[in-house]
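Novice: One structure, pasted below without further comment.
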Amino acid sequence: MASLKTTHRWVLAPENPCLADDLAVGLGVPSLVARIMVAHGIGSVEEGHAFLTPSLDRDWADPLGIPGMPAVVERVARAVRDGERIAVFGDFDVDGITSTCLLTEALRELGASVHPFIPHRFEEGYGLSQTALDRVMEVCDPALVVTVDNGIAARNEVAFLSERGVDLVVTDHHEPADMVPEGIPLTDPKLVANGPSHELAGAGVALKLVQALGSRLGTPDLWRRYIEVAALGTVSDMMLLTPENRALVAEGIAQMRSTERPGFIALAAVTRTDLSTITADALSFSLIPRLNAAGRMADPTLALNLLLERDPVEAGRLASELEAINQERRDIEAALADEAVARVEETYTGGRVIVVGGEGWHEGVKGIVASRLVNRYHVPVLLFSIEDGVARGSGRSVGAVNLFDAVERCSDLLTRFGGHAGAVGVTLPAEKLDELRVRLDAVLSELPEDAFEDTGEIAAVVHLSELDVDTIEKISLLEPFGQGNKVPLLAATGVSMTDRFCVGKTGDHMRFTATDGQSSVAAIMFRVPDVDSMCACDSVVDLVFEAVAEHWQGRVKPKLMVKDILCRAPGDAKLPHLEDSVARLAEESSAGDGDALFTEEAPALDVQAATLPASPDEAAQRRHALESLSYDELTRTLIREFIGESSPHPAQREALDALAEGENTLAVMGTGRGKSLIFQVHAAREAIANRRGSILVYPLRALVADQAFHLVSSCARLGIRAAVLTGETVDAARERAFAAYAAGKLDIVLTTPEFLAIHRVRFAGAARTGFIVVDEAHHAARAKSGERSAYLELPEVIRALRNPTVLAVTATADASCAEEIGRLLSIGHTVIDGTVRENLELEDDRDSAAREMRLVSIVATCEKCVVYVNSRDQSMTLVRTLRKRVPELAQRIAFYHAGLTREERARVEEAFRADALTCIVSTSAFGEGVNLPDIRHVVLYHMPFSATEFNQMSGRAGRDGEPACIHLLYSTRDARINERMLDAAAPEREELVTLYRALQTMWRAHRGKTGEQSFSASDVDIANMCLAIDARTPVDERSVESGIAIFEELGFAQVRDRAGTRSIKMIEQPGHMALTRSIRYLEGLRTRSAFTAFRNWAFTASARDMLAQVNRPIVPWSERFTEGREG
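Using UniProt numbering, the letters of the sequence shown correspond one by one to residues 1 to 1127.
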């Protein structure tokens, strides 16, 4: 099946958001109502006001403006004055019956002698047939026959009546053809091509006649008594709701809500219809079918008598009789439908038309049954009743198929036919039905397949959250609904159906709850095709529906009356080479290290380990070429290398110029405004132009790893070497990196303040540091409060490094913060970019019980989306879920984490950039260095580990300036999971003491038994030993590896990896060493501390404050810091 975007069954009405806003403000209506008005063609506030206030005084045209009306009025008025006997001759449908009713009542009110007649459908047929006229002459011998809702093709009947001395007056509303009567008074609004009354129903024309007669005969307001009757006829005949018809129906419905007509009241009672709240749309399901049933099944005079009846008791009896006839009609219709379906199933083989018939099939319901078959099989249907070898059929078309034209091409087989593009009537010999089927199928096979698609219009695509009771009830402002102003169909895309049940006597209806994870609305669909499959559907769907406010047991709630369910079909777009690798990694996910990988830290990237271009010579040649450029040319070239043809904004240029002059600089810019470009370009300039190294200092170890992945590779292409040095870097890699940095073979080091402070001597010994960056520098400003003491050592570190140029960058620096950063880092120049990213919005669904549903709806938009989770396993698990729930995009959803190879990560990034992927589910590894400006949704599905991570993830949305959304879906449960992960990576002091005792015990025991100086044991075995030593301080098995690494760093243990087996040797008498000398331990404490502070804010801050954290910088606007202000 298709989605709303791909289906041919539905088309979205043109949208005009600006006009909709104007209508909403100018008319005081909800946004949804305004959008529906735009869809219905309202073009201005003035037009909208007229639409919302239908008025007969304003919109009802002069009846004498209808062609022929003056002559008709003159003749009928004369008959009234002269006391002539008048026959009012109508039609057996509701329009004809109501026309007959209102003209009869009005003429009697004017004192005329009137006899109403409705022809019998089966014995007399449509219009002024000779059989019907014989009955008229026999019953009342009139001097004048006045037709209503018929007569425009009664040319031959004029002579018939004239010969008998009877005058004929025709009032009709049908299209005139070549049988228009001549020489008689005749009125029909369609005698001219247009006009305000062109679309009147027969009842509307009859009402115009009454109005004109009343004015002529001294009762000008007489017509207003019959507005409700004329409105009923107008609605039943599905007339276009022009301003005149709209005003007529609106006033008629208002009258009907307080009617005193016994016929209306009685019929409403048997149908359990509340007339006080009746709507035009509701008439089609209550009064109208009962009145029509008389003409279809029995004598239509029964329906006329009910409308004319003044005795409530008799009206009640007639209404009950009509209800019984309608029930008979429904039973016969249902039985015929079953029989017809069975016959179709036996004979239909999938062609372009269904032709089916049977002996004794009821004439009155075959058109309705044909329509049912069309809805079921989606091809034109001709259904025949066969009697005495003659087949009389009703046909209904589908989509854009002109059934009349197709039938006309087979006219040599037919006795007679008529109709229009959508419906036909056909008579032919029964033995020719098979030949007709073959011929029609051949004709219709010439048409394209999409011609058979029924296309409906959707007024607006909505969010379920818009469908509150108040808004839904405000849609009623657009009533009356009908042709040209249909009940608005709405659509909701990417929703899930929960609590699905098959209901109804036959089980072919489905009740469910529609949800997008934010809002949930009760829904029901009647006569669901393949209802069992729909009830089993677990994928995301698009719904087309009418929204109603359901009143039940004193409560009111929104409900969707669903017209179509579009299940998303599996997509067929394959990503070459990507799927195999992703699938392989997905299969391995169960064996992964799961939560232990929360930081997504890549292995230490020293100069030997860094991935370089395919040919090291190419990188060397590229660097050599860059070295030949002037400083300005080098700057321009490096900017192009990092951001392509985009241009840096003024604040970035100012910062680069200041750094080129050797000025220590503070850059205050919002998240996503390109702070990293400044220091990456300048670090590269220092390496190439001055052969000096750069040290980039980040507040958290995890952030170092995220930044490093792409920085290392992008620099490597230019022959610039970069490496990570943190507490997790093993000793051998540290030594190689320090040696490479001193020798000028390593250009950029990414580290933490703790590592830099402890190893300042090693860095100073290289004597080549020209540039230091302090990222997220607001952390440094807080150091004096005791939060990060390592930052307080930066002045001494900078002096030891011989005062390199310093750049501090942050999005959060008020005046006091900027002043402290300036004092600490000796900064004299401040650049401020005050740009606010107004294109961002934040959707707050923290602690949602339906976050998976919400995520599914977001992904189903097909807009570019990044979903952040807290572990590798979770990224793969969630991808599997999304591929199942949004099968249409199954091949366009991928995961991303630091466990992928560099090649795999690059392939995912490139597919995302090229729109081959629309959704990436990632850990924090998808971050800096992935320059994708057009991400429309950033989803924080799990809780980030710090405010910095929150800013970095959220800031990836909408960097192109187009509207984008940040979705908060994390929960308090995530916070507890994150805490356990952090505890495992940074064990408490008490846990480390227990672990140390356990390791010493196991090492000594093993040495005593084997004489070997080292032992091997799994994390589980070591954790069990910890439990045996001190059950009060258990050590989680996930903490064991981190603890051992800390001991190794402090010199308490030596660890070797031999063929994949860890070998541990404990130091006998290591001496006293403070834990704070372990960089890994300190970094772990800082990470845990950062999360604790972030956790409290992440659940208590308002959505507004959280958005401000991302979309606008906190800037020092005092005069001292206005230099370089931008935006």
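Each residue gets a CB set at the ideal place from its N, CA and C atoms; glycine is no exception. Because the structure is a prediction, the values reported are computed rather than measured.
Does DSSP put threonine 301 in a helix, in a strand, or in coil?
Specialist: For the purposes of this step, residue 301 is taken as the residue at position 301 of the sequence shown. DSSP places threonine 301 in helix when its eight states are reduced to three.
Novice: Please check the pair leucine 807 and histidine 682, which I expect to be a contact at CB under 8 Å, by giving their CB distance rounded to whole angstroms.
Specialist: Locating residue 807 in the sequence shown gives position 807, counting from the first residue. Locating residue 682 in the sequence shown gives position 682, counting from the first residue. At roughly 7 Å, the Cβ-Cβ gap stays under 8 Å, so leucine 807 and histidine 682 are in contact.
Novice: Helix, strand or coil for arginine 698? Go by DSSP, reduced to three states.
Specialist: Taking the sequence shown and counting its residues from 1, one reaches residue 698 at position 698. In the sequence as displayed, the identity of residue 698 is tyrosine instead of arginine. In the structure shown, tyrosine 698 sits in coil (DSSP, three-state: anything other than H, G, I, E or B).
Novice: Which of helix, strand or coil does DSSP assign to glutamine 1054?
Specialist: The sequence position of residue 1054 within the sequence shown is 1054, counting from 1. In this structure, glutamine 1054 counts as strand in the three-state DSSP scheme.
Novice: Please say whether aspartate 149 and glycine 204 have beta carbons closer to each other than 7 Å?
Specialist: Here residue 204 is taken as the residue at index 204 of the sequence shown, counted from 1. Here residue 149 is taken as the residue at index 149 of the sequence shown, counted from 1. It is not a contact, given that the beta carbons lie outside the stated cut-off.
Novice: Tell me the rounded alpha-carbon separation between leucine 477 and leucine 52.
Specialist: Start at 1 with the first residue of the sequence shown, and residue 477 comes out as number 477. Start at 1 with the first residue of the sequence shown, and residue 52 comes out as number 52. Looking at the two C-alpha atoms, the distance is approximately 6 Å.
Novice: Contact defined as beta carbons within less than 8 Å: I believe threonine 147 pairs with leucine 128. What is the distance between those atoms, to the nearest angstrom?
Specialist: On the sequence shown, position 147 is the one that residue 147 refers to. On the sequence shown, position 128 is the one that residue 128 refers to. At roughly 7 Å, the Cβ-Cβ gap stays under 8 Å, so threonine 147 and leucine 128 are in contact.
Novice: In whole angstroms, what separates the C-alpha of valine 379 from that of alanine 254?
Specialist: Locating residue 379 in the sequence shown gives position 379, counting from the first residue. Locating residue 254 in the sequence shown gives position 254, counting from the first residue. C-alpha separation (whole angstroms): 40 Å.
Novice: What residue range does the beta strand (DSSP E) around arginine 85 cover?
Specialist: As a position in the sequence shown, residue 85 is number 85, starting the count at 1. Per DSSP, arginine 85 belongs to the beta strand (DSSP E) from 85-89.
Novice: What do you reckon, is the C-beta of proline 616 under 6 Å from a heavy atom of the ligand NAP?
Specialist: As far as ligands go, the structure on display features none, and thus does not contain the ligand NAP.
Novice: Between which two residues does the alpha helix (DSSP H) holding aspartate 1021 run?
Specialist: Position 1021 of the sequence shown, counted from the start, is the residue given in the question as residue 1021. 1019-1029 is the span of the alpha helix (DSSP H), which, as asked, contains aspartate 1021.
Novice: Could you pull out every residue in the same chain whose Cβ sits closer than 8 Å to the Cβ of proline 123, ignoring the five residues on either side in sequence?
Specialist: If you number the sequence shown from 1, residue 123 lands on position 123. Correcting the residue type first, residue 123 is glutamate in the shown sequence and not proline. Once the five neighbours on either side are set aside, the close Cβ partners of glutamate 123 are Thr131.
Novice: Of the choices Trp223, Arg85, Leu186, Ser113, whose alpha-carbon is the least far from that of valine 166?
Specialist: Working through the sequence shown from its first residue, we reach residue 166 at position 166. Looking at the Cα atoms, Arg85 is the closest of the given residues.
Novice: Output needed for alanine 687: all residues of its chain with C-beta closer than 6 Å, excluding positions within five of it in sequence on either side, in chain order.
Specialist: Taking the first residue of the sequence shown as position 1, residue 687 is located at position 687. Only Ile720, Asp747 meet the Cβ criterion.
Novice: I'd like to know whether the C-beta atoms of serine 286 and threonine 301 end up nearer to each other than 7 Å.
Specialist: Here the question's residue 286 lines up with position 286 in the sequence shown. Here the question's residue 301 lines up with position 301 in the sequence shown. Contact: no.
Novice: Residue range of the alpha helix (DSSP H) that glutamate 321 falls in?
Specialist: Mapped onto the sequence shown, residue 321 falls at position 321. Counting along the chain, the alpha helix (DSSP H) containing glutamate 321 begins and ends at 312-347.
Novice: Less than 7 Å between the beta carbons of glycine 383 and glycine 393, yes or no?
Specialist: As a position in the sequence shown, residue 383 is number 383, starting the count at 1. As a position in the sequence shown, residue 393 is number 393, starting the count at 1. A small correction: the amino acid at residue 383 is leucine; glycine does not occupy that position in the sequence shown. Yes, the Cβ-Cβ distance between leucine 383 and glycine 393 is below 7 Å.
Novice: Do methionine 1066 and leucine 968 have their C-beta atoms within less than 7 Å of each other?
Specialist: Residue 1066 sits at position 1066 when you count from the first residue of the sequence shown. Residue 968 sits at position 968 when you count from the first residue of the sequence shown. Taking 7 Å as the Cβ cut-off, methionine 1066 and leucine 968 do not qualify as a contacting pair.
Novice: Which residues bound the alpha helix (DSSP H) around proline 70?
Specialist: Mapped onto the sequence shown, residue 70 falls at position 70. Looking at the DSSP string, the run of the alpha helix (DSSP H) that includes proline 70 is 69-82.
Novice: Runs of 3 residues minimum, wholly inside the segment 628-668: which ones carry the beta strand (DSSP E) assignment?
Specialist: Whole beta strand (DSSP E) segments, 3+ residues: zero.
Novice: Identify every run of the beta strand (DSSP E) within the segment 801-852, keeping only runs that are complete inside it and at least 3 residues long; order them along the chain.
Specialist: The qualifying runs are 805-810, 829-833, 840-844.
Novice: To the nearest angstrom, how far is it from the Cα of serine 871 to the Cα of alanine 925?
Specialist: For the purposes of this step, residue 871 is identified with residue 871 of the sequence shown, where counting begins at 1. For the purposes of this step, residue 925 is identified with residue 925 of the sequence shown, where counting begins at 1. Distance between the alpha carbons of serine 871 and alanine 925: 10 Å.
Novice: For the candidate residues Gly422, Thr242, Arg437, whose alpha-carbon lies nearest to that of tyrosine 348?
Specialist: Start at 1 with the first residue of the sequence shown, and residue 348 comes out as number 348. Measuring from the Cα of tyrosine 348, the nearest candidate turns out to be Arg437.
Novice: What does the Cβ neighbour count give for methionine 179, buried or exposed, with the cut at 16 atoms within 10 Å?
Specialist: Sequence index remark: in the sequence shown, residue 179 carries index 179 (1-based). Per the 10 Å Cβ criterion, exposed.
Novice: Would glycine 765 count as contacting chain C if we go by Cβ distances under 7 Å?
Specialist: Judged by its chain identifiers, the structure shown contains no chain C, having just a single protein chain.
Novice: Could you check what DSSP says for serine 857 in three-state terms: helix, strand or coil?
Specialist: If you number the sequence shown from 1, residue 857 lands on position 857. DSSP places serine 857 in helix when its eight states are reduced to three.
Novice: So, at 6 Å on beta carbons, what are the nonlocal neighbours of alanine 655 in its own chain, with the 5 sequence-adjacent residues on each side left out?
Specialist: What you label residue 655 is simply residue 655 of the sequence shown in a count that begins at 1. For alanine 655, where only same-chain residues beyond five positions count, the Cβ hits under 6 Å are Thr665, Ala667, Ile678, Val831.
Novice: Which stretch, first to last residue, makes up the beta strand (DSSP E) that contains threonine 147?
Specialist: Residue mapping note: residue 147 aligns to position 147 of the sequence shown, counting from 1. Start and end: 144-148.
Novice: Quick check: what's the CA-CA separation for serine 848 versus phenylalanine 1099?
Specialist: For this step, residue 848 is matched to residue 848 along the sequence shown. For this step, residue 1099 is matched to residue 1099 along the sequence shown. Rounded to the nearest angstrom, the two C-alpha atoms are 12 Å apart.
Novice: Taking lysine 745 as part of the beta strand (DSSP E), name the residues at either end of that continuous run.
Specialist: Looking up residue 745 in the sequence shown gives position 745. Per DSSP, lysine 745 belongs to no beta strand (DSSP E) and is neither H nor E.
Novice: Counting C-beta neighbours from all protein chains within 10 Å, is the total for tryptophan 223 16 or more, i.e. buried, or is it exposed?
Specialist: Counting from 1 along the sequence shown, the entry for residue 223 is found at position 223. Buried, because 16 or more other Cβ atoms sit within 10 Å of the Cβ of tryptophan 223.
Novice: Just the C-alpha distance for leucine 464 and valine 521, rounded to the nearest angstrom, thanks.
Specialist: In the sequence shown, counting from the first residue as 1, residue 464 sits at position 464. In the sequence shown, counting from the first residue as 1, residue 521 sits at position 521. Approximately 7 Å between the Cα atoms of the pair.
Novice: Assuming leucine 696 and aspartate 775 make a contact with CB atoms under 8 Å, what is their CB distance in whole Å?
Specialist: The residue labelled residue 696 in the question sits at position 696 within the sequence shown. The residue labelled residue 775 in the question sits at position 775 within the sequence shown. Sure, about 7 Å apart at Cβ, within 8 Å.
Novice: Just how far apart, CA to CA, sit alanine 818 and glycine 828?
Specialist: Taking the first residue of the sequence shown as position 1, residue 818 is located at position 818. Taking the first residue of the sequence shown as position 1, residue 828 is located at position 828. Near 11 Å, if we compare the C-alpha coordinates of glycine 828 and alanine 818.
Novice: Distance check for methionine 69 and leucine 191, CA to CA, integer angstroms please.
Specialist: Numbered from its first residue, the sequence shown carries residue 191 at position 191. Numbered from its first residue, the sequence shown carries residue 69 at position 69. Roughly 11 Å separates the two Cα atoms.
Novice: By the three-class DSSP mapping on this structure, what secondary structure does glutamate 251 have?
Specialist: Taking the first residue of the sequence shown as 1, we reach residue 251 at position 251. Three-state result, glutamate 251: helix.
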